[in-house]
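Trainee: Read top to bottom, the protein sequences are chains A and B. Quick note: the first sequence uses the working numbering, first residue 1, plus one each step. Quick note: the second sequence uses the working numbering, first residue 1, plus one each step. We put the beta carbon where it would ideally sit given N, CA and C, even for glycine.
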Amino acid sequence: MRKLRNDFPILKRKIHGKSLVYLDNAATTQKPRQVIDAVSRYYAQTNANIHRGIHTLAEEATEAYEGARKKIADFIGAKDPAEIIFVRNATEGINLVARSFVAPRLLFERSRELLLTEMEHHSNLVPWHVLQSKVESPKSKVLLKFIPVKKNGTLDYSKLDTLITKKTALVSVTHASNVLGTINNIPRIVKAAHAKGVPVLVDAAQSAPHMPIDVQKLGCDFLVLSGHKMLGPTGIGVLWGRRELLEAMPPFLGGGDMIRSVRYDGFEPNDLPWKFEAGTPNIAGAIGLGAAVDYLQKISMQNIRAHEMVLTKYALKNMQKISGLTIYGPQDSKKQTGVISFNLHGIHAHDLASICDREGVAIRSGHHCAEPLVRKFGQNAMARVSFYLYNTKKEIDIFIDALKKAKEIFK
Amino acid sequence: MSDSLYREQILEHWRTPQNFGKLVHPTHEAFENNPLCGDEIGIHLNVNNHVVGDIRFYGVGCAISMAATSMLTEIILGKKIEELKKIKKEDVFNLLGVMPSPSRVKCALLGLSTFKKALQIFEQTE
Ligand SMILES: Cc1ncc(COP(=O)(O)O)c(C=O)c1O
Numbered sequence: 001m002r003k004l005r006n007d008f009p010i011l012k013r014k015i016h017g018k019s020l021v022y023l024d025n026a027a028t029t030q031k032p033r034q035v036i037d038a039v040s041r042y043y044a045q046t047n048a049n050i051h052r053g054i055h056t057l058a059e060e061a062t063e064a065y066e067g068a069r070k071k072i073a074d075f076i077g078a079k080d081p082a083e084i085i086f087v088r089n090a091t092e093g094i095n096l097v098a099r100s101f102v103a104p105r106l107l108f109e110r111s112r113e114l115l116l117t118e119m120e121h122h123s124n125l126v127p128w129h130v131l132q133s134k135v136e137s138p139k140s141k142v143l144l145k146f147i148p149v150k151k152n153g154t155l156d157y158s159k160l161d162t163l164i165t166k167k168t169a170l171v172s173v174t175h176a177s178n179v180l181g182t183i184n185n186i187p188r189i190v191k192a193a194h195a196k197g198v199p200v201l202v203d204a205a206q207s208a209p210h211m212p213i214d215v216q217k218l219g220c221d222f223l224v225l226s227g228h229k230m231l232g233p234t235g236i237g238v239l240w241g242r243r244e245l246l247e248a249m250p251p252f253l254g255g256g257d258m259i260r261s262v263r264y265d266g267f268e269p270n271d272l273p274w275k276f277e278a279g280t281p282n283i284a285g286a287i288g289l290g291a292a293v294d295y296l297q298k299i300s301m302q303n304i305r306a307h308e309m310v311l312t313k314y315a316l317k318n319m320q321k322i323s324g325l326t327i328y329g330p331q332d333s334k335k336q337t338g339v340i341s342f343n344l345h346g347i348h349a350h351d352l353a354s355i356c357d358r359e360g361v362a363i364r365s366g367h368h369c370a371e372p373l374v375r376k377f378g379q380n381a382m383a384r385v386s387f388y389l390y391n392t393k394k395e396i397d398i399f400i401d402a403l404k405k406a407k408e409i410f411k
Numbered sequence: 001m002s003d004s005l006y007r008e009q010i011l012e013h014w015r016t017p018q019n020f021g022k023l024v025h026p027t028h029e030a031f032e033n034n035p036l037c038g039d040e041i042g043i044h045l046n047v048n049n050h051v052v053g054d055i056r057f058y059g060v061g062c063a064i065s066m067a068a069t070s071m072l073t074e075i076i077l078g079k080k081i082e083e084l085k086k087i088k089k090e091d092v093f094n095l096l097g098v099m100p101s102p103s104r105v106k107c108a109l110l111g112l113s114t115f116k117k118a119l120q121i122f123e124q125t126e
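1) Cα-Cα, which of A/K334, A/H368, A/T337, A/Q336 is closest to A/A349?
2) What does the Cβ neighbour count give for A/S133, buried or exposed, with the cut at 16 atoms within 10 Å?
3) Round the Cβ separation of A/M301 and A/P212 to the nearest angstrom and send it over; I've been treating them as touching at under 8 Å.
4) Can you grab the Cα-Cα spacing for the pair A/N343 / A/M382, in whole Å?
5) Would you mind working out which of B/I87, B/V92, B/E126 sits nearest B/A67, comparing C-alpha positions?
6) Find the nearest neighbour of B/N19 within the set B/R7, B/G53, B/G38, judged by alpha-carbon distance.
7) Taking 8 Å as the CB-CB cut-off, is A/S341 touching chain B?
8) Listing by chain order, which chain A residues have their CB less than 7 Å from the CB of B/G61?
9) Are the beta-carbon atoms belonging to A/N282 and A/F75 less than 8 Å from one another?
10) Can you pull the chain A residues whose beta carbon is under 9 Å from the beta carbon of B/L95, in chain order?
11) Does B/R7 come within less than 8 Å of chain A when only Cβ atoms are used?
12) Under a CB-based cut-off of 8 Å, is B/L36 close to chain A?
13) Any heavy atom of ligand 1 within a distance shorter than 7 Å of the CB on A/C369?
14) Show which residues of chain B have a CB atom less than 7 Å away from the CB atom of A/A381.
15) Helix, strand or coil: which one does DSSP assign to A/V410?
16) So with Cβ pairs under 8 Å, would you call A/G366 a contact of chain B?
17) Note the first and the last residue of the continuous beta strand (DSSP E) segment covering B/N19.
18) State whether the segment 348-366 of chain A contacts the segment 199-214 of chain A, with contact taken as three or more CB pairs (one from each stretch) at a distance under 8 Å.
19) Quick one, are the C-beta atoms of A/N391 and A/L23 less than 8 Å apart?
20) Cutting at 7 Å between CB atoms, please list the residues of its own chain near B/P26, excluding the five before and the five after it.
21) Does DSSP put A/Q302 in a helix, in a strand, or in coil?
22) Specify the secondary structure class of A/L143 as computed by DSSP and reduced to three states.
23) Using only alpha-carbon positions, find the residue among A/A73, A/K404, A/L107, A/T46 that is nearest to A/K167.
24) Compare the C-beta of A/I363 with all C-beta atoms of chain B and state if any pair is closer than 8 Å.
25) Smallest Cα separation from A/A370: which of A/G181, A/L160, A/N89?
26) What does A/S300 touch in chain B if you count any residue whose Cβ is under 8 Å from its own?
27) Suppose you measure from the CA of A/F8 to the CA of A/H228; what does that come to, to the nearest Å?
28) Cβ of B/L11 less than 8 Å from any chain A Cβ?
29) Which value, in whole angstroms, describes the spacing of the CA atoms of A/I84 and A/F410?
30) If you follow the beta strand (DSSP E) that A/S123 is in, where does it begin and where does it stop?
31) A/N77: which of A/N270, A/S341, A/I287, A/C220 sits nearest, CA to CA?
32) Determine whether the beta carbon atoms of B/F115 and B/I76 lie at a separation below 8 Å.
33) Taking the alpha helix (DSSP H) that A/L201 falls in, what are its first and last residues?
34) How long is the line joining the alpha carbons of A/V102 and A/S123, rounded to whole angstroms?
35) Just to confirm, is the Cβ distance from A/L231 to A/Y295 under 8 Å?
36) Assign A/Y431 to one of three DSSP states: helix, strand, or coil.
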């Protein structure tokens with residue numbers, strides 16, 4: 001793992017004269033040379049619009065774009081690349097499902113509920129609030145329900161069977177929490193949902209970058225991820241859905257590329273996956289994400305998970321030794337990803353982040369786009385470190401030293 | 001430690017904030033929060049004859065927002081409203097003695113924006 005650090009140009013940067021220690025990977029990850037080069041090579045040598053020209057560049061660009069789709073299908077175990085829809089990010093994927101899959105279902109009296117968890121990122125909460133406000137009338141309320149989070153940061157599965165009812169339109173849950181790091185038991189949730197004929201969406205924004213993902217094993221019906229959290233460029237993400245569900249769904253956005261034929265009085269939608277890809281897509285982004293997936297697979301997701309478990313265990317052990325430090329989450333590297341949120345007694349998370357920054361250590365502070373969850377733990381803000389394949393134990397030592405400095409300053 | 005943001009003077013105000021608490025019968029009060037970081041500050045004023053005769057602030061926040069507000073209340077106490085209307089964000093940075101990084105500017109100015117809100121309320125009720 002040490003050698004691969006050379007692939008990431010940004011890791012050579014100095015911050016306030018110190019070597020960068022980048023521990024904000026849950027927000028976004030750094031990019032290896034291989035991804036940066038794939039994007040710049042595309043613009044320097046292949047750039048053309050896709051699916052529209054018969055000249056050489058257009059053919060090459062189309063091939064590269066569709067090639068990236070195949071790589072991602074393979075990466076998450078999709079049966080068919082046509083089930084891979086390119087979107088901007090996980091957020092857009094969830095909104096697509098909200099508008100094109102759930103909204104039509106909510107018109108039926110028997111589908112009036114949505115089940116989430118208490119640990120969702122705002123991107124798997126606000127789209128449902130928006131939908132609620134769109135389809136709700138005084139007579140027909142749409143109910144949001146939540147699988148509770150226990151004190152130890154894991155879900156309370158005992159409530160699952162009563163929370164899922166015949167009225168549930170969709171269960172939409174995160175695979176791994178961006179605050180607590182908790183890895184949720186998706187097969188268990190899917191089993192309970194499918195027993196009542198309820199489909200399941202998995203937000204894999206925090207899991208797909210860090211562990212092997214197989215949509216067949218998870219058993220879910222939709223899955224979303226963001227390219228920028230897994231070494232890829234910003235502005236590219238993926239929605240995967242089961243073919244039969246995607247085929248039955250109406251289009252999301254209208255425009256070019258998503259149509260088969262257009263008349264003045266109407267249109268006929270294109271086949272999958274293009275039905276959901278209106279307008280010129282983020283071609284360079286998709287190609288960059290393809291390169292990111294190649295990079296991850298070369299190292300192997302098992303190895304990445306193993307490396308992050310070692311780091312997480314090491315960090316937990318050393319953080320637990322600091323008096324006055326509270327960790328929110330399972331505190332068990334087997335049950336969580338390399339995401340650790342914490343507070344140091346008497347020191348605001350922002351001050352911690354500022355002091356760490358002075359040492360070159362990038363950590364996150366705030367509510368991490370999961371405000372209700374942070375408040376549930378009785379906090380206004382939390383500090384968070386999150387690891388990735390290029391982080392080292394030595395970097396964790398530097399972070400721990402920065403925490404000790406903060407204690408010294410604020411004693 | 002080279003961290004100029006946490007100068008001893010700032011830490012002193014953070015440890016023992018001045019005018020911290022609430023007034024029993026404030027003539028004017030305002031409350032502001034920064035939803036991005038969860039910082040919250042409330043300000044209580046006693047204004048008599050267009051002079052701030054007493055001031056308290058309360059809330060939760062980082063050292064920068066707490067210290068800046070503490071320093072600000074020392075400046076505000078005993079001054080005329082006309083004069084106080086002229087307080088600018090630069091004045092807060094001067095009090096802190098350091099220009100916060102862009103992501104911390106909001107922290108530094110939360111107390112000032114709360115006070116400005118209280119001034120507005122004062123103007124409206126005049
Ligand atoms: C669990 C989870 N879901 C969704 C998202 C949203 O990702 P994006 O902003 O790329 O759409 C994030 C990003 O922080 C996340 O952590």
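Mentor: Concretely, from the data shown:
1) Stepping through the first sequence from its first residue, residue 349 of chain A is reached at position 349. Comparing Cα positions, the closest option is A/H368.
2) Numbered from 1 along the first sequence, position 133 holds the residue referred to as residue 133 of chain A. Exposed, by the Cβ-count rule.
3) Position 301 of the first sequence, counted from the start, is the residue given in the question as residue 301 of chain A. Position 212 of the first sequence, counted from the start, is the residue given in the question as residue 212 of chain A. Contact holds; Cβ gap of about 4 Å.
4) As a first step, residue 343 of chain A must be located in the first sequence, where it is residue number 343. As a first step, residue 382 of chain A must be located in the first sequence, where it is residue number 382. When rounded, the distance between both Cα atoms is 6 Å.
5) Locating residue 67 of chain B in the second sequence gives position 67, where the first residue counts as 1. Residue B/V92 is the option with its Cα nearest to B/A67.
6) Your numbering for residue 19 of chain B matches position 19 in the second sequence. Checked all of B/R7, B/G53, B/G38; the closest Cα to B/N19 is B/G53.
7) Position 341 of the first sequence, counting from 1, holds the residue named residue 341 of chain A. No, because no Cβ of chain B sits closer than 8 Å to the Cβ of A/S341.
8) Start at 1 with the first residue of the second sequence, and residue 61 of chain B comes out as number 61. The answer, in chain order, is H348.
9) In the first sequence, the residue the question calls residue 282 of chain A occupies position 282. In the first sequence, the residue the question calls residue 75 of chain A occupies position 75. No, the pair does not count as a contact, with Cβ atoms beyond the cut-off.
10) Position 95 of the second sequence holds residue 95 of chain B. Chain A residues near B/L95: none, gap ~18 Å exceeds 9 Å.
11) Within the second sequence, numbered from 1, the residue matching residue 7 of chain B stands at position 7. B/R7 does not count as touching chain A.
12) To locate residue 36 of chain B, count along the second sequence from 1; it is residue 36. By this cut-off, B/L36 is an interface position.
13) The sequence position of residue 369 of chain A within the first sequence is 369, counting from 1. Flag set: Cβ of A/C369 near ligand 1.
14) By 1-based counting over the first sequence, the position of residue 381 of chain A is 381. The answer, in chain order, is C37, G38.
15) Here residue 410 of chain A refers to the residue found at position 410 when the first sequence is read from its first residue. The question names Val, yet the displayed sequence has Phe at residue 410 of chain A. Three-state DSSP puts A/F410 in coil, outside helix and strand.
16) Taking the first sequence and counting its residues from 1, one reaches residue 366 of chain A at position 366. True, the Cβ-Cβ gap to chain B drops below 8 Å.
17) Looking up residue 19 of chain B in the second sequence gives position 19. Counting along the chain, B/N19 falls outside any beta strand (DSSP E), and DSSP gives it neither H nor E.
18) no
19) Taking the first sequence and counting its residues from 1, one reaches residue 391 of chain A at position 391. Taking the first sequence and counting its residues from 1, one reaches residue 23 of chain A at position 23. Closer than 8 Å, so yes.
20) Looking up residue 26 of chain B in the second sequence gives position 26. These residues qualify, in order along the chain: H44, L45, N46.
21) Along the first sequence, read from residue 1 onward, the residue named residue 302 of chain A stands at position 302. The answer is helix: DSSP assigns A/Q302 an H, G or I state.
22) Here residue 143 of chain A is taken as the residue at index 143 of the first sequence, counted from 1. If DSSP states are grouped into helix, strand and coil, A/L143 belongs with the strands.
23) For this step, residue 167 of chain A is matched to residue 167 along the first sequence. The candidate whose alpha carbon is nearest that of A/K167 is A/L107.
24) Working through the first sequence from its first residue, we reach residue 363 of chain A at position 363. Chain B contact via Cβ: absent.
25) Position 370 of the first sequence, counted from the start, is the residue given in the question as residue 370 of chain A. Checked all of A/G181, A/L160, A/N89; the closest Cα to A/A370 is A/G181.
26) Position 300 of the first sequence holds residue 300 of chain A. Going along chain B, no residue has its Cβ under 8 Å from A/S300, so there is no contact; the nearest lies around 36 Å.
27) Taking the first sequence and counting its residues from 1, the one referred to as residue 8 of chain A is at position 8. Taking the first sequence and counting its residues from 1, the one referred to as residue 228 of chain A is at position 228. The straight-line gap from Cα to Cα measures roughly 14 Å.
28) If you number the second sequence from 1, residue 11 of chain B lands on position 11. By this cut-off, B/L11 is an interface position.
29) As a working mapping, residue 84 of chain A is identified with position 84 in the first sequence. As a working mapping, residue 410 of chain A is identified with position 410 in the first sequence. Cα to Cα, the separation comes out at about 50 Å.
30) Within the first sequence, residue 123 of chain A is the residue found at index 123, counting from 1. Run containing A/S123: none; DSSP gives neither H nor E here.
31) Translated into positions along the first sequence, residue 77 of chain A becomes position 77. Note on identity: in this sequence residue 77 of chain A is Gly, with Asn being the wrong assignment. Taking only the C-alpha atoms, the option nearest A/G77 is A/C220.
32) Here the question's residue 115 of chain B lines up with position 115 in the second sequence. Here the question's residue 76 of chain B lines up with position 76 in the second sequence. For B/F115 and B/I76, yes; Cβs fall inside 8 Å.
33) The count along the first sequence starts at 1 and reaches residue 201 of chain A at position 201. Run containing A/L201: none in the alpha helix (DSSP H); it sits in the beta strand (DSSP E), 200-203.
34) The residue labelled residue 102 of chain A in the question sits at position 102 within the first sequence. The residue labelled residue 123 of chain A in the question sits at position 123 within the first sequence. Each residue's Cα considered, the two are about 16 Å apart.
35) Taking the first residue of the first sequence as position 1, residue 231 of chain A is located at position 231. Taking the first residue of the first sequence as position 1, residue 295 of chain A is located at position 295. Closer than 8 Å, so yes.
36) Chain A is shown from 1 up to 411; residue 431 of chain A falls before or after that span and cannot be answered.
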